[in-house]
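Working notes, beginning with the structure itself.
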Amino acid sequence: MPGFLGKVVLVVDDSSSIRRAVRAILEKEGFTVREAGSEFGLFGCMVEYGIMADIILMDLTINETNGLELVKKVRNTEKFRHIPIIMLTQHSDRANVLKAKNLDVQDYIVKPINARLLVERMEKALNDSVDR
């Protein structure tokens with residue numbers, strides 16, 4: 003395990019099967035995984051339950067909500083703006099990638115998720131956030 007023990011990741015995706023798959027990958031790596039299936043769940047976890055994530059994995063489309071709008075809300079919340087975010091999506095169009103980068107999203111992973119790639123990108127995002 004490359005030092006992920008004790009790191010908390012919040013997986014925000016409206017698909018419970020995606021959340022379970024990501025959980026299985028990340029728990030093997032030592033992460034503590036919390037899940038949210040909606041905007042309410044995201045802020046509920048972080049505000050109401052006081053869960054402070056070390057990194058957030060967020061779907062680009064959560065129910066009818068645009069994940070980029072949720073990123074804006076996270077970035078506009080002082081307490082959470084430093085948390086690295088990686089977008090998970092089925093869409094690889096350049097416009098969304100650029101929008102995500104402009105919102106300080108650390109990375110963008112196209113589904114289906116490759117376990118090794120996900121862990122490598124998360125490690126890079128976490129290391130980069132320490133260097134900020």
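FYI, the numbering for the sequence shown is 3 to 134, going by my numbering.
Backbone N, C-alpha and C define an ideal beta-carbon position, used for all residues, glycine too.
Cβ shell of residue i (< 7 Å), same chain only, five flanking positions each side left out
i	result
residue 47	12, 36, 38 and 53
residue 105	70, 73, 74 and 77
residue 17	none
residue 94	112
residue 65	16 and 40
Where the alpha helix (DSSP H) through residue i begins and ends
i	result
residue 38	Taken as a continuous stretch (DSSP letters only), residue 38 belongs to no alpha helix (DSSP H), being part of the beta strand (DSSP E) at 34 to 38.
residue 57	Per DSSP, residue 57 belongs to no alpha helix (DSSP H); it is in the beta strand (DSSP E), 57 to 61.
residue 24	18 to 30
residue 43	41 to 45
Residue burial classification, residue i (beta-carbon count within 10 angstroms, cutoff 16)
i	result
residue 109	buried
residue 79	exposed
residue 114	exposed
residue 83	exposed
6 Å Cβ shell around residue i - same chain, five flanking residues per side excluded
i	result
residue 21	13, 15 and 37
residue 56	9 and 10
Neighbourhood of residue i by C-beta distance below 8 Å, restricted to the same chain and skipping five residues each side
i	result
residue 43	14 and 37
residue 27	115, 117, 120 and 121
residue 91	61, 62, 63, 69, 98, 110, 111, 112 and 113
residue 126	108 and 109
residue 51	none
Range of the contiguous beta strand (DSSP E) that encloses residue i
i	result
residue 7	No beta strand (DSSP E) contains residue 7, which DSSP labels as neither H nor E.
Integer Cβ distance of residue i from residue j, believed to fall under 8 Å
i	j	result
residue 62	residue 24	About 15 Å; that fails the 8 Å criterion.
residue 111	residue 88	6 Å
Unbroken alpha helix (DSSP H) runs of length 4 or more, entirely within the stretch 70 to 122: which are they? 96 to 104
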